[in-house]
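See structure below.
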Amino acid sequence: MEGRWVLHFDMDAFFASVEQLTRPTLRGRPVLVGGLGGRGVVAGASYESRVFGARSAMPMHQARRMVGPAAVVLPPRGVVYGVASSKVLDTVRAMVPVLEQLSFDEAFGEPAELAGADADDVRVFCEELRARVRAETGLVASVGAGSGKQLAKIASGLAKPDGIRVVRREEEQALLAGLPVRRLWGIGPVAEERLHRLGVDTVGALAALNASEVADILGATVGPALHLLARGVDDRPVAERLSAKQISAESTFATDLNTLDQLREATGPIGEHAHARLMRDGRGARTVTVKLKRSDMSTLTRSATLPYATADPATLIGTAHRLLLDPVEIGPVRLLGVGFSGLSDVLQESLFPDLEQTLEASVGLQAGPVAAVNEPADVAWRIGDDVTHSRFGHGWVQGAGHGVMTARFETRASGPGQAHTLALDSPEVARANPVDSLDWPEYVAAMAEAE
């Protein structure tokens, strides 16, 4: 459409930024959010940690080594990110009513009032949008604008951190031509390798091919669409998206797994990848499913349903571990998958998830009974836990051991707070709702009423 402007709105280092927002002491410090175990994966890295080379999807042990002793490592708080995301997107919708939300922290919009506008007017609109989000939430976003989704998304990447990039019509072709071909929407590692073998390394080189060449390389279905994008032709509409019903990850092994220990070892990273996708989606899950494909190609599935939807990785991946079957009994396993379903928006997570494991279970072909899950809960305080104190208010645990815990009492609205060392069994300390760290009581109450 002539004169069309699509915006791509993308929050900067969202998970880590929310931690710094709600825990003001962390502002300006290198924060890593993700799994704390030996096989943990980084879900989010603040810009202070990115200067050391840390990034999302990296093994946590590698990121910690890069950042060094200054790193602050925290477990994800999906419920907090979900509420923060809702407030951000509600603020954006006040100016851009129709949003195509891609994840917790990014969305497309096509404001009707920008149709036919010049680039300077688009920049003014984007500045006002970013200013509103910062004023309403305290969080920072980057915004890209272009004639279609592809260019808008590329532009927001160029705008980061904390910026705006408006791609004018006359600069579109030059901008696209110099980009690595992998930057094109829909080009994955397999297609990238295929193109590289033929000497097609940039988007411009792909655009220079003729239609039949692209179809031969990338297929008759996908090829023509990617060829249009490479040439800057992108008329895909911006529309509200239907939510996925299940989020999963799976892996086929080069050598069949023959022991339960091998399966348990593989479940961690696969579950972490599925959880990372769940975090990007912005919802919690109530049902966990494990898929086991045996060497004879038959498939077994086992599912467990929790009494609440959660985004807590320890609860979800711990449930997956409990659903595994021993290859000694079922035969060698060539593929393992972990899936999360029963997806819903979450306002409050269980404060004692280990006490509330699987209540309902369904089992697939030839699978045995679900393993017992009424194991004693570890209710010890962990780094990152939210607490409330009868005198000091809301805070979070910075460390615990030898019968004491150190908690810093602060929220988004309080500014940096004081740290106090307390007995682990102090009657003045209780577990708190993590959402309270946002200090948006009226907004949270309105969300609860809307559900």
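Residues are numbered in the working numbering as their position in the sequence shown, beginning at 1, plus a constant of 3.
By construction, the Cβ of each residue, glycine as well, lies at the ideal position given by its N, Cα and C atoms.
For residue i, report the span of its beta strand (DSSP E) as first-last.
i	result
Ile292	One detail in the question is off: residue 292 reads as Thr in this sequence, not Ile. Thr292 -> beta strand (DSSP E) spans 288-297.
Ala435	Where Ala435 is concerned, there is no enclosing beta strand (DSSP E), given that its DSSP letter is neither H nor E.
Thr391	389-392
His36	Just to set this straight, residue 36 is Val in the shown sequence, not His. That run of the beta strand (DSSP E) goes 34-37.
Val76	75-77
Asp13	9-14
Thr424	421-426
Ser106	102-106
Val472	Because the chain in this structure spans residues 4 to 454, residue 472 falls outside the shown range and cannot be described.
Could you give the first and the last residue of the continuous alpha helix (DSSP H) run that contains residue i?
i	result
His405	Segment: none, His405 is in no alpha helix (DSSP H) and carries neither H nor E.
Met69	63-70
Ser254	Here Ser254 belongs to no alpha helix (DSSP H); instead the beta strand (DSSP E) covers 249-260.
Leu229	225-233
Gly321	316-325
Arg305	Taken as a continuous stretch (DSSP letters only), Arg305 belongs to no alpha helix (DSSP H), being part of the beta strand (DSSP E) at 302-313.
Arg96	81-96
Glu243	Where Glu243 is concerned, there is no enclosing alpha helix (DSSP H), given that its DSSP letter is neither H nor E.
Leu24	17-25
Arg283	263-284
Arg53	50-53
Using alpha carbons as the reference points, say which of the options lies closest to residue i.
i	options	result
Glu253	Pro100, Leu132, Val127, Val336	Val336
Asp439	Gly85, Phe17, Val75	Gly85
Leu468	Ser306, Arg80, Lys294, Val143	Residue 468 falls outside the range modelled here, since the chain spans only 4 to 454, and no answer is possible.
Leu187	Arg168, Ala144, Asp219, Leu231	Leu231
Ser306	His324, Ala410, Ala158, Pro72	His324
Glu275	Ser429, Ser251, Glu174, Tyr446	Ser251
Val75	Trp399, Glu22, Pro27, Leu35	Leu35
Asp93	Arg137, Thr258, Ile157, Met63	Arg137
Ala180	Leu212, Asp329, Thr424, Asp428	Leu212
Thr391	Arg385, Asn436, Gln401	Asn436
Arg289	Gly271, Arg283, Ala257, Thr322	Thr322
Ala426	Gly420, Val407, Gly418	Val407
Phe412	Ala134, Ala16, Arg26	Arg26
Thr262	Thr318, Val193, Gly334, Arg197	Gly334
Asp329	Val70, Gly342, Ala279, Asp264	Asp264
Glu445	Ala46, Lys90, Ala155	Lys90
Asp165	Val225, Ala155, Gly71, Ala134	Ala134
Ala122	Ala155, Val170, Glu116	Val170
Lys296	Ile386, Val341, Gly287	Val341
On the CB-based measure, 16 or more other CB atoms within 10 Å of its CB, does residue i come out buried or exposed?
i	result
Ala448	exposed
Leu358	The predicted model places Leu358 with a pLDDT of 35, which falls under 50 and marks its position as unreliable, so this point remains unresolved.
Val331	exposed
Gln249	exposed
Asp389	buried
His397	buried
Pro379	In this predicted model, Pro379 has a pLDDT of only 32, less than 50, meaning its place in the structure is not dependable enough to derive any value.
Glu363	Its pLDDT being 36, under 50, Glu363 is placed unreliably in this model, and the coordinates cannot settle the point.
Met300	exposed
Gln23	buried
Gly6	exposed
Leu221	buried
Gly38	buried
Leu339	buried
Phe355	With a pLDDT of only 37 at Phe355, under 50, the local geometry of the prediction cannot be trusted, and no value is derived from it.
Glu452	exposed
Trp443	buried
Leu441	buried
Gln421	exposed
Glu51	buried
Is residue i a contact residue of the ligand NAD, with contact defined as CB to any heavy atom under 7 Å?
i	result
His199	No copy of the ligand NAD appears in this structure; indeed no ligand is present at all.
Would you check if the region 5-12 and the region 98-114 touch, i.e. whether three or more CB-CB distances between them fall below 8 Å? Touching, per the Cβ criterion.
Extract the residue ranges of the alpha helix (DSSP H) inside the region 117-205, only unbroken runs of 4 or more that lie entirely within it. Secondary structure within the region 117-205: the alpha helix (DSSP H) runs of 4 or more consecutive residues, fully enclosed, are 122-140, 152-162, 175-180, 192-200 (chain order).
Is it a yes or a no for the region 124-143 touching the region 65-84, going by three-plus beta-carbon pairs under 8 Å? With the cut-off at 8 Å, the region 124-143 and the region 65-84 do not touch.
Under 8 Å, with one C-beta from each stretch per pair, do the region 193-206 and the region 237-244 reach the 3-pair mark? No, the region 193-206 does not touch the region 237-244.
Meets three-Cβ-pair contact criterion under 8 Å: the region 90-109 and the region 301-320: With the cut-off at 8 Å, the region 90-109 and the region 301-320 do not touch.
Can you confirm whether the region 174-182 touches the region 147-160 when touching is taken to mean that 3 or more C-beta pairs between the two stretches lie within less than 8 Å? Yes, the region 147-160 touches the region 174-182.
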